[in-house]
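>
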Ligand SMILES: Cc1ncc(C[n+]2csc(CCOP(=O)(O)OP(=O)(O)O)c2C)c(N)n1
Ligand code: SF4
Ligand code: SF4
Ligand code: SF4
Ligand SMILES: [Mg+2]
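Residue numbers (this note's numbering), protein chains in the order written: chain D, 116 to 393; chain B, 2 to 93.
1) Can you check the segment 267-304 of chain D for any alpha helix (DSSP H) of at least 4 residues that lies completely inside it and give the ranges in chain order?
2) Given a cut-off of 8 Å on the beta-carbon distance, is the pair residue 377/D and residue 233/D in contact?
3) I'd like the list of long-range same chain contacts for residue 253/D, defined as Cβ closer than 6 Å, with 5 residues on each side in sequence excluded.
4) Buried or exposed for residue 329/D, please, with buried defined as at least 16 other CB atoms from any protein chain shown within 10 angstroms of its CB.
5) Would you call the segment 17-29 of chain B in contact with the segment 50-57 of chain B, where contact means no fewer than 3 C-beta pairs closer than 8 Å?
6) Answer yes or no: does any C-beta atom of chain B fall closer than 8 Å to that of residue 302/D?
7) At which residue ranges does the segment 293-368 of chain D contain complete alpha helix (DSSP H) runs of 4 or more residues, listed in the order of the chain?
8) Thinking C-alpha only, which one of 133/D, 157/D, 121/D, 137/D is nearest residue 303/D?
9) Interface residues of chain D around residue 29/B at Cβ under 9 Å?
10) Run through chain D and tell me which residues come within less than 8 Å of residue 32/B, C-beta to C-beta.
11) Counting only beta-carbon separations shorter than 8 Å, does residue 335/D have a partner in chain B?
12) Can you confirm whether the segment 363-381 of chain D touches the segment 253-265 of chain D when touching is taken to mean that 3 or more C-beta pairs between the two stretches lie within less than 8 Å?
13) Pull the bridge partners of residue 75/B from the DSSP assignment, please.
14) For residue 135/D, count the other beta carbons within 10 Å of its own beta carbon; 16 or more makes it buried, fewer makes it exposed. Which is it?
15) When you compare the CB of residue 351/D with every CB in chain B, is at least one pair closer than 8 Å?
16) Compute the Euclidean distance between the alpha carbons of residue 155/D and residue 391/D, then round it to the nearest angstrom.
17) Looking at the unbroken alpha helix (DSSP H) that takes in residue 382/D, where does it start and where does it end?
18) Quick check on this structure: which residue in 65/B, 86/B, 78/B, 83/B has the alpha carbon closest to the alpha carbon of residue 147/D?
19) Can you pull out the residues from the segment 64-83 of chain B whose beta carbon lies closer than 7 Å to at least one beta carbon of chain D?
20) Under a three-way DSSP split, which group does residue 177/D fall into?
21) Please report the straight-line C-alpha distance between residue 319/D and residue 293/D, rounded to a whole angstrom.
22) Are the CB atoms of residue 182/D and residue 201/D nearer to each other than 8 Å?
23) Determine which residues share a DSSP beta bridge with residue 21/B and list them.
24) Is residue 76/B near ligand 4, going by C-beta to nearest heavy atom under 7 Å?
25) Give the residues from the segment 282-298 of chain D that approach chain B closer than 8 Å (Cβ to any Cβ), ordered along the chain.
26) Per DSSP, what kind of secondary structure is residue 370/D in: helix, strand or coil?
27) Which residues in the same chain as residue 87/B place their Cβ atom closer than 7 Å to its Cβ, once the five residues preceding and following it in sequence are excluded?
28) Could you work out which residue in 211/D, 160/D, 169/D, 121/D is closest to residue 149/D when comparing CA atoms only?
29) Would the C-beta of residue 245/D count as close to ligand 5, meaning under 7 Å from any of its heavy atoms?
30) Between residue 170/D and residue 240/D, how many whole angstroms is the CB-CB distance? I'm expecting something under 8 Å.
31) So the beta strand (DSSP E) residue 236/D belongs to, where does it begin and stop?
32) Can you give me, in chain order, the residues of the segment 337-348 of chain D that have a beta carbon less than 9 Å from any beta carbon in chain B?
33) Please report how far the alpha carbon of residue 117/D lies from the alpha carbon of residue 278/D, in whole angstroms.
34) Could you tell me the alpha carbon to alpha carbon distance between residue 40/B and residue 54/B, rounded to whole angstroms?
35) The beta strand (DSSP E) that contains residue 183/D, what's its start and end?
36) Under a CB-based cut-off of 8 Å, is residue 117/D close to chain B?
Below you can see the structure in the form of structure tokens.
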């Protein structure tokens, strides 16, 4: 049946911002789709949700979700989100941003938010490059990949984001590709029910730039790579969770509990106030 | 194959598998082909039609083969396809 109808999830999207600007086959649309699916399945109260993004193609997410949201300066999504969470701990704060935004210019915010266990939830669309500015090499670009700033092949060792997040202290860490839509949505749901710093890496196709430079001109070719190379190794050692042409290790890596910073922060303030009254 | 799957379920005559209805919002499609390529039952194919964005949106080959897994709904980057269960009054 071919017809003109509205999508059942359209209430989670800002109608005036649609259609989104992402290229055909861009994984960002799948990340957004799975995210709003998770919101729908959790029956999330949109008045209690804040979405924060930095600059980058994926950063448009903040402007597309139909909830209170903020599109921050480049690299400062976590810094902004930290402020929101500390001021209003009852709000659910989700950051959706890019590999460049979160791990290059924003790298320090990431490790310290994880270390302090600030209860914000981070979804990183890792497309292995700076998509928005024309496809430069970034901190997750695999060795030997071609980008506009590594035309002879990348010689910088990339970050392993799940290892980094686990080592820095995140209480929930997972990695999926945009082909793992079900498990990605489940992970997002799980993460949103936890208290503390959580991180999901989504390996996401950027066919228009990264793909084009690396002999995968279409999203389909990139997704076929994910299909062929992905191996689910849940709760394996994140240090060994490699991303190569041959193998992409996906799964959940950390699922634990720890007192959150905002909880300790407000408890401490209450204690100090009590003492000063006596 | 495990023993229990070899046998026909006892209530097979009473239980009707749900019937799917596939909705394609053709002008929203950017033609990535994910829904076509990764549908486990090959329910969709590329149409000859050219939509408002100048690409070929998917079309349905055989709706009765759809198992309502909703993979196409979740994988579409452009919110251009979704499935629903057909209400009984409409045809089962
Ligand atoms: C302070 C600052 N430095 C640099 C830039 C230029 N800039 C815009 S987006 C971007 C990188 C985006 O990469 P990523 O976060 O991976 O997002 P993607 O576009 O790949 O989704 C950069 C360097 C900027 N906007 N502001
Ligand atoms: S440049 Fe890459 S990341 Fe940006 S919208 Fe296009 S495909 Fe997506
Ligand atoms: S719901 Fe599943 S079986 Fe049906 S068309 Fe979509 S992907 Fe194919
Ligand atoms: S997944 Fe969506 S955008 Fe891609 S071909 Fe199918 S309907 Fe079109
Ligand atoms: Mg990027």
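Where is the CB? At the ideal position from N, CA and C, for every residue including glycine. None of the values given here were measured: they were computed from a predicted structure.
So, from the data block:
1) Entirely contained in the segment 267-304 of chain D, the alpha helix (DSSP H) runs reaching 4 residues are, in chain order, 276-283.
2) Cβ atoms of residue 377/D and residue 233/D: closer than 8 Å.
3) The beta carbon of residue 253/D sits closer than 6 Å to those of 214, 215, 219, 244, 245, all from its chain and outside the five residues before and after it, given in chain order.
4) By the 10 Å Cβ count, residue 329/D comes out buried.
5) Here the segment 17-29 of chain B lies against the segment 50-57 of chain B, with 3 or more beta-carbon pairs under 8 Å apart.
6) It does not: the Cβ of residue 302/D has no partner Cβ on chain B nearer than 8 Å.
7) Contiguous alpha helix (DSSP H) elements confined to the segment 293-368 of chain D occur at 296-307, 334-344, taking only those with 4 or more residues.
8) Answer by Cα proximity: 157/D.
9) Going along chain D in sequence order, the residues near residue 29/B (Cβ under 9 Å) are 122, 133, 134.
10) Around residue 32/B, the beta-carbon contacts reaching into chain D at under 8 Å are 139.
11) By this cut-off, residue 335/D is an interface position.
12) Contact check between the segment 253-265 of chain D and the segment 363-381 of chain D: fewer than three CB pairs, one atom from each, fall below 8 Å, which does not count as touching.
13) DSSP, once it has assigned bridges, lists no residue as partnering residue 75/B.
14) When all chains shown are included, residue 135/D counts as buried.
15) No Cβ of chain B is located within less than 8 Å of the beta carbon of residue 351/D.
16) If I take the Cα positions, the gap works out to 45 Å.
17) Note, residue 382/D: alpha helix (DSSP H), 376-392.
18) Nearest Cα to residue 147/D within the set 65/B, 86/B, 78/B, 83/B: 78/B.
19) When CB distances to chain D are screened at a threshold of 7 Å, the residues of the segment 64-83 of chain B falling below it are 72, 75, 76, 77, 78, 79, 80, 83, in chain order.
20) In this structure, residue 177/D counts as helix in the three-state DSSP scheme.
21) One C-alpha to the other measures close to 6 Å.
22) No, they are not a contact pair.
23) Partner(s): 86/B.
24) Within the cutoff, so yes.
25) Listed by position, the residues of the segment 282-298 of chain D near chain B (Cβ gap below 8 Å) are 293, 294, 296, 297.
26) DSSP, reduced to helix, strand and coil, places residue 370/D within a strand of the structure shown.
27) These residues qualify, in order along the chain: 20, 21, 22, 93.
28) When only C-alpha atoms are compared, the closest one is 211/D.
29) It does: the Cβ of residue 245/D is within 7 Å (strictly closer) of some heavy atom of ligand 5.
30) Not confirmed; about 13 Å, so no contact.
31) Looking at the DSSP string, the run of the beta strand (DSSP E) that includes residue 236/D is 236-241.
32) For the segment 337-348 of chain D, the set of residues with a beta-carbon nearer than 9 Å to any beta-carbon of chain B comprises 338, 339, 342, in chain order.
33) For residue 117/D, the predicted model reports a pLDDT of 46, less than 50, meaning its position is unreliable; a value from the coordinates is still stated below. Their backbone Cα atoms lie some 46 Å apart in a straight line.
34) Cα to Cα, the separation comes out at about 23 Å.
35) Counting along the chain, the beta strand (DSSP E) containing residue 183/D begins and ends at 183-186.
36) Residue placement at residue 117/D is poorly supported in this model, since its pLDDT is 46, which falls under 50; the coordinates are not used for a value here.
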